[in-house]
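Presented below is the structure to which this report refers.
2 protein chains.
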Amino acid sequence: MGVVEETEREELEGSDFVFAFPPEVRAAELRRQRLGVTHAAQRSPRDPQPGEPVALELTIGPDESRNRATVHWTSDGRDPEPGASTETPMELVDIEWDELVFGYVRRFRTELPGQPSGTVVRYRVKAHDATGETVSDEGRFFAYAVDEYEQPEWARDAVVYHVFVDRFNPGAGRDWNDASDDAPFYGGTLRGVTEKLDYIADLGVTAIWLSPIFPSPTYHGYDSTDLFDIEPRLGAKADLRELLDGAHARGLRVLLDFVPNHWSSRHPTFQAATSDPDSPYREWYVFRRWPDEYDSFLNLAPTLPQVNLRSPHARRHMLDAARHWLEFGVDGYRIDHTIGPTPDFWADLRLETRAARPDCWSFGESTLGSKFALTFEGLLDGSLDFELSDALRNTFALRRWDVARFASFLDAHERFFPQQFARPSFLDNHDMNRFLWSARLDHRRLRLAALCQFTLTGPPIVYYGTEVGLAQERDVRETSDKEARLPMLWDDEQDAELREYYKGLIRVRRERPELSRAGRTTLHADADLLVYARGELVVALNLAEEPRSWESLELPPLSGAVTEKGEPLWQA
Amino acid sequence: MGVVEETEREELEGSDFVFAFPPEVRAAELRRQRLGVTHAAQRSPRDPQPGEPVALELTIGPDESRNRATVHWTSDGRDPEPGASTETPMELVDIEWDELVFGYVRRFRTELPGQPSGTVVRYRVKAHDATGETVSDEGRFFAYAVDEYEQPEWARDAVVYHVFVDRFNPGAGRDWNDASDDAPFYGGTLRGVTEKLDYIADLGVTAIWLSPIFPSPTYHGYDSTDLFDIEPRLGAKADLRELLDGAHARGLRVLLDFVPNHWSSRHPTFQAATSDPDSPYREWYVFRRWPDEYDSFLNLAPTLPQVNLRSPHARRHMLDAARHWLEFGVDGYRIDHTIGPTPDFWADLRLETRAARPDCWSFGESTLGSKFALTFEGLLDGSLDFELSDALRNTFALRRWDVARFASFLDAHERFFPQQFARPSFLDNHDMNRFLWSARLDHRRLRLAALCQFTLTGPPIVYYGTEVGLAQERDVRETSDKEARLPMLWDDEQDAELREYYKGLIRVRRERPELSRAGRTTLHADADLLVYARGELVVALNLAEEPRSWESLELPPLSGAVTEKGEPLWQA
Chain A
1 MGVVEETERE ELEGSDFVFA FPPEVRAAEL RRQRLGVTHA AQRSPRDPQP GEPVALELTI
61 GPDESRNRAT VHWTSDGRDP EPGASTETPM ELVDIEWDEL VFGYVRRFRT ELPGQPSGTV
121 VRYRVKAHDA TGETVSDEGR FFAYAVDEYE QPEWARDAVV YHVFVDRFNP GAGRDWNDAS
181 DDAPFYGGTL RGVTEKLDYI ADLGVTAIWL SPIFPSPTYH GYDSTDLFDI EPRLGAKADL
241 RELLDGAHAR GLRVLLDFVP NHWSSRHPTF QAATSDPDSP YREWYVFRRW PDEYDSFLNL
301 APTLPQVNLR SPHARRHMLD AARHWLEFGV DGYRIDHTIG PTPDFWADLR LETRAARPDC
361 WSFGESTLGS KFALTFEGLL DGSLDFELSD ALRNTFALRR WDVARFASFL DAHERFFPQQ
421 FARPSFLDNH DMNRFLWSAR LDHRRLRLAA LCQFTLTGPP IVYYGTEVGL AQERDVRETS
481 DKEARLPMLW DDEQDAELRE YYKGLIRVRR ERPELSRAGR TTLHADADLL VYARGELVVA
541 LNLAEEPRSW ESLELPPLSG AVTEKGEPLW QA
Chain B
1001 MGVVEETERE ELEGSDFVFA FPPEVRAAEL RRQRLGVTHA AQRSPRDPQP GEPVALELTI
1061 GPDESRNRAT VHWTSDGRDP EPGASTETPM ELVDIEWDEL VFGYVRRFRT ELPGQPSGTV
1121 VRYRVKAHDA TGETVSDEGR FFAYAVDEYE QPEWARDAVV YHVFVDRFNP GAGRDWNDAS
1181 DDAPFYGGTL RGVTEKLDYI ADLGVTAIWL SPIFPSPTYH GYDSTDLFDI EPRLGAKADL
1241 RELLDGAHAR GLRVLLDFVP NHWSSRHPTF QAATSDPDSP YREWYVFRRW PDEYDSFLNL
1301 APTLPQVNLR SPHARRHMLD AARHWLEFGV DGYRIDHTIG PTPDFWADLR LETRAARPDC
1361 WSFGESTLGS KFALTFEGLL DGSLDFELSD ALRNTFALRR WDVARFASFL DAHERFFPQQ
1421 FARPSFLDNH DMNRFLWSAR LDHRRLRLAA LCQFTLTGPP IVYYGTEVGL AQERDVRETS
1481 DKEARLPMLW DDEQDAELRE YYKGLIRVRR ERPELSRAGR TTLHADADLL VYARGELVVA
1541 LNLAEEPRSW ESLELPPLSG AVTEKGEPLW QA
């Protein structure tokens, strides 16, 4: 498509992911963790098999006088309260000087005995001294599940199409609404999705992830009022049934967007909890001062009260909802905002969802970096690869990283995460600028980035419209996130050439399982050229504005290729 | 002495050590290290014995694309330049996600072969990729010495008296000068010290550390113009000879304050280097733009140009000076500002000083935290215990830490540092508020802190005047450091009771070698009461304003005791 004229917009620095925490916020949180009593879900192995002991770690920082540590734990499902739990002492194994907090951090460790399959081990970690005790991580409860579940086989080769329902297709012959900032409902529906299943299947993807479809006052649906029904604007249960049947008939799996952390302040339980001080629903929330001050999404959004998943009733309700839709026929979940809920929720969710559907696939949205994401191993099947997304965007769109830096990142990233923990990849999503727009509409950069994405291990996700040139007009940080959620382009609006490119890429991915499963070896990386091997395949990416060659391969400016024994299999 | 009325001064937050780096400066430096290519003198063992291989570590952070690492090293004294050195590849051993810089840090490691005694291994660590190489730590050269030197036996039981010469005693029947801010010379002299050797010996200490005595335009002398002579205001070589003879006759060792990092801009070599572009002394300094911009002390003090110890001639000069005074008869050095010089200087200094005087004792002033201080193991005999000083002041003077926190610090601190690395302890020095003043003149707190200091392992240092109630009038952060360097009190000005207390403490220390050598075990720590064992001795410190008891021991408010088998040996 050639280079489009660069827009005149100013280059904004920093991440354009809407929910990214700025460095000073992260540093403050890190200081807090290093100064205090912190477990941070550090267990080994992270995904314990039946009978396998599990080592737990704790650090006590210089702000804390506590000098002993214990784990209170149960394996019978009860909460690890004193009296109802076993208390296992931890051993001081290391002392390090922490340069950030300028003091000593003591590391404790202990091992809990192996358990039979199906056990949830619930625990709290505590630090003690003569003056009292401190529960780690500001009082948090933790849990892990002992089971033999693995990533479902179908998920390992998945290619996911990410549909933002209100913005995808009105269906039933209707046109888009005249949406406004006050009424930002464009009119996409489940039926609209169903009508486009042929389009989606024709792309070659294997799964659809639908943005939230439960009743909600907002167009995005991330604030539901009922986890057991369908938002009427989008359709009804029958429409979801039709969508699922149509998808399954075409070999497409369907994932729902599930939000256990919070829901709408119009949720009937919240209405009850805030209107009646004696409401049984009051414990479903954490009121700091009833009824006005309560925990909410990032503690920034009073319309999104956080659900207290430490309440057995609220937790049961959430697990029932997760089970309900699996039994209804969906194939898994993209789980929103996993940094929010109490850490002991995930083991229950794992056993509940797998019991309902053994080949359920669940991956989370976790945005606190790789170490945190990895704590979900053994609890979810994977975690959206925000770090790769950031790297791809910095390298291919924003040109902030040279290729050698990207290669170093990839080497480290792939070595850090175990193969069995899925890292679904994406170039863009509904919470950040479209990749194409960030690349100043240079389609060659989008093609190269997509070629890279589709030749790395993580199951690729395509955000609706990215495959047909959908872009935006202003930066999401200057405006609302609407810019990242503009209506899908259909028919002649679509960039057919780009779409065919995507279809080809998806086909190559599906035809060559080594692209999902083989190890990757960097063969060459310099400022502009990256070459790596996946099994018998070699991928070469030239980000220079001039031709480069690699062995017998000639690469035009800003181009890439997948080759097998020197023969091109696919070119960008 | 009872509680003196609290002054009305505002409590200033943070460290009152004049050269302490604020947390944001430390965090920025840490970020820089974690983002880039960093060795930071991480070797194991830190004090290699003959024949022992030495493992070296390197981290490469997310800002660096380099993905290979090597060590260039020599064992023949030459600089580790390409061609003249062996290049040993490092192995990638670990990848961690760094929460502070939000990216991957790769850890590399290799082992260099063992060497015979007397070898200096010089090395640089480099990171490489297809586009080039980066020398670690902004180009630094490192070195370690292979030898069998240990801490001299006399140093293990040392008690040091720290004399700030200009402020100690004029001598020869003269009175103090009328010092002013413009001419802050109070008139202390070497002869004045010699005249007070009986006083010093009577305290019971075993060594004297003299503040800098070489020619210098300033009263403090930390900016010399000649490392081979004596400042005329203080005396002449004959006076130092007399002082040394008198001290040695009384069994007192004498340590000089040695400043290898910088000297005065009036130093003749600097004058030559800045007046003549072809001066051979130009290489003795690092000019960023000749003659006006050059490296200096903390890059804040143009009157204190940094000596370029990478210059063979400047280095030889510095080593000759260190050797000169040892041959003259001094017993060792307190080494100023060890965070400044090139890291490959210390191995040379060690071999030079020990060759000149096998029982030389050298300890450094290092102010970048425990991890950095420990990199001097095997290069110096120890490091001034700034972390303990900070802890003692926070606990006993400023009441910012409760006793349990102090106990946790002590436990970690003693476990972190190996016994063979000396940690000379101090309650105050010339760069911070006097302890007594920080304790709002509460002598009980000073006595308790001193009791603690003298019953911990590190050789205690007593800053002149602290033993007789010398205090100050204003905070060093509000005024100049003059406040921490007021003239010594003599005769009737002295608090005789406090002096006798100190003498008793010193006697107990010297009579009971377990106080220098035995391990320490915390027996009890709560908010106010700390009890620990040193061999057969038990030390109990009650910081409460009310009586406390420990087993059969009754402790009045703000009191302490050393007991043996329940019998009091010493009380505060």
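Protein chains in written order, with the working numbering: chain A, 1 to 572; chain B, 1001 to 1572.
Virtual Cβ for every residue (Gly too), placed ideally from N, Cα, C.
Computed from a predicted structure; not experimentally measured.
Inset, instruction - Inspect the beta-carbon positions of D223(A) and T303(A) and report whether they are closer than 8 Å. - result: By the CB criterion at 8 Å, D223(A) and T303(A) fall inside the cutoff.
Legend entry - Proximal residues of chain B, C-beta to C-beta of I95(A) below 7 Å: Among the residues of chain B, those whose CB is under 7 Å from the CB of I95(A) are A1412, R1415, F1416, following chain order.
Inset, instruction - Would you please verify whether the beta carbon of D1402(B) is less than 8 Å from any beta carbon of chain A? - result: So, interface residue.
Legend entry - Reduced DSSP category for Q623(A) - H, G, I as helix; E, B as strand; rest coil: Since the first residue shown for chain A is 1 and the last is 572, residue 623(A) is missing from the structure and cannot be characterised.
Legend entry - DSSP bridge partner residues for E1293(B) (one or two, in chain order): R1289(B)
Legend entry - Those runs of the beta strand (DSSP E) which lie wholly inside the region 1052 to 1129 of chain B and span at least 3 residues: 1054 to 1060, 1068 to 1074, 1086 to 1089, 1091 to 1098, 1103 to 1112, 1119 to 1129
Inset, instruction - Any chance you could list the beta strand (DSSP E) runs of at least 3 consecutive residues sitting entirely within the region 383 to 463 of chain A, in chain order? - result: The qualifying runs are 460 to 463.
Inset, instruction - Inspect the beta-carbon positions of R1499(B) and L1515(B) and report whether they are closer than 8 Å. - result: no
Inset, instruction - Measure from the C-beta of G369(A) to each C-beta in chain B and report whether the shortest distance is under 8 Å. - result: yes
Inset, instruction - Would you list the one or two residues that DSSP bridges to R1140(B)? - result: According to DSSP, which records beta bridges pairwise, R1140(B) is partnered with nothing at all.
Legend entry - L243(A) and V254(A) closer than 8 Å at C-beta: yes
Legend entry - Straight-line gap, D390(A) to V18(A) (C-alpha atoms, nearest Å): 12 Å
Inset, instruction - Using the Cα positions of L573(A) and V330(A), report the straight-line distance between them to the nearest angstrom. - result: In this structure chain A extends from 1 to 572, so residue 573(A) is not present and cannot be described.
Inset, instruction - State buried or exposed for N542(A), treating a residue as buried only when at least 16 other CB atoms are found within 10 Å of its CB. - result: buried
Legend entry - Cβ neighbours of R1485(B) in the same chain (closer than 7 Å, five flanking residues each side left out): Once the five neighbours on either side are set aside, the close Cβ partners of R1485(B) are F1164, R1167, H1430.
Legend entry - Meets three-Cβ-pair contact criterion under 8 Å: the region 340 to 352 of chain A and the region 306 to 322 of chain A: yes
Inset, instruction - Compare the C-beta of T1129(B) against all C-beta atoms of chain A and say whether one is closer than 8 Å. - result: In the sequence as presented, Thr is not what sits at residue 1129(B); that position holds Asp. For D1129(B), the answer is yes, since a Cβ of chain A falls inside 8 Å of its Cβ.
Inset, instruction - Leaving out five residues on either side along the sequence, give the residues of the same chain with a beta carbon under 7 Å from the beta carbon of A273(A). - result: S279, Y281, R282, W284, Y285
Inset, instruction - Give me the Cα-Cα distance between H1413(B) and D1016(B), rounded to the nearest whole angstrom. - result: So the two alpha carbons sit approximately 21 Å from each other.
Inset, instruction - Can you grab the Cα-Cα spacing for the pair A399(A) / A1373(B), in whole Å? - result: Per the sequence presented here, residue 399(A) reads as Arg, with Ala not at that position. The alpha-carbon of R399(A) is positioned some 41 Å away from that of A1373(B).
Inset, instruction - Kindly indicate which residue of P1152(B), S1117(B), S1296(B), E1467(B) has the alpha-carbon position closest to the one of R1357(B). - result: Of P1152(B), S1117(B), S1296(B), E1467(B), the residue nearest in Cα terms is P1152(B).
Inset, instruction - Within the region 170 to 232 of chain A, note down every full alpha helix (DSSP H) run reaching 4 residues or more, in order along the chain. - result: 190 to 195, 197 to 203
Inset, instruction - Name, going along the chain, the residues of the region 1506 to 1540 of chain B whose beta-carbon falls closer than 7 Å to a beta-carbon of chain A. - result: H1524, A1525, D1526, A1527
Inset, instruction - Buried or exposed for S1113(B), please, with buried defined as at least 16 other CB atoms from any protein chain shown within 10 angstroms of its CB. - result: The question names Ser, yet the displayed sequence has Pro at residue 1113(B). So P1113(B) ends up on the exposed side.
Inset, instruction - Check the Cβ-Cβ distances between E1099(B) and every residue of chain A, and say whether any is below 8 Å. - result: yes
Inset, instruction - Could you have a look at G506(A) and say whether DSSP puts it in helix, strand or coil? - result: Correcting the residue type first, residue 506(A) is Ile in the shown sequence and not Gly. Helix, per DSSP.
Legend entry - Buried or exposed by the 16-neighbour rule on C-beta atoms within 10 Å, applied to T457(A): buried
Inset, instruction - Using alpha carbons as the reference points, say which of M1090(B), G1014(B), G1103(B), P1045(B) lies closest to R1034(B). - result: G1103(B)
Inset, instruction - Tell me whether S15(A) counts as near the ligand SAM, meaning its Cβ is closer than 7 Å to at least one heavy atom of that ligand. - result: Although the ligand SAM was asked about, the structure shown includes no ligands whatsoever.
Inset, instruction - Apply the 10 Å Cβ neighbour rule to E1352(B) and answer buried if 16 or more other Cβ atoms are within range, or exposed otherwise. - result: buried
Legend entry - Members of the region 99 to 126 of chain A that neighbour chain B once the beta carbon cut-off is set at 8 Å: E99, L100, F102, G103, Y104, R106
Legend entry - Distance CB(L1379(B))-CB(A1055(B)) smaller than 8 Å: no
Inset, instruction - Drop a sphere of 10 angstroms on the beta-carbon of Q1419(B), count the other beta-carbons inside from all chains shown, and report buried for 16 or more, exposed for fewer. - result: exposed
Legend entry - Members of the region 1048 to 1068 of chain B near chain A, C-beta cut-off 9 Å: I1060, P1062, D1063, E1064, S1065, R1066, N1067
Legend entry - Neighbourhood of P460(A) by C-beta, 6 Å cutoff - its chain only, sequence neighbours within 5 removed: V159, S425, Q453, F454
Inset, instruction - Quick one: give me the first and last residue of the alpha helix (DSSP H) that S1275(B) is part of. - result: 1268 to 1275
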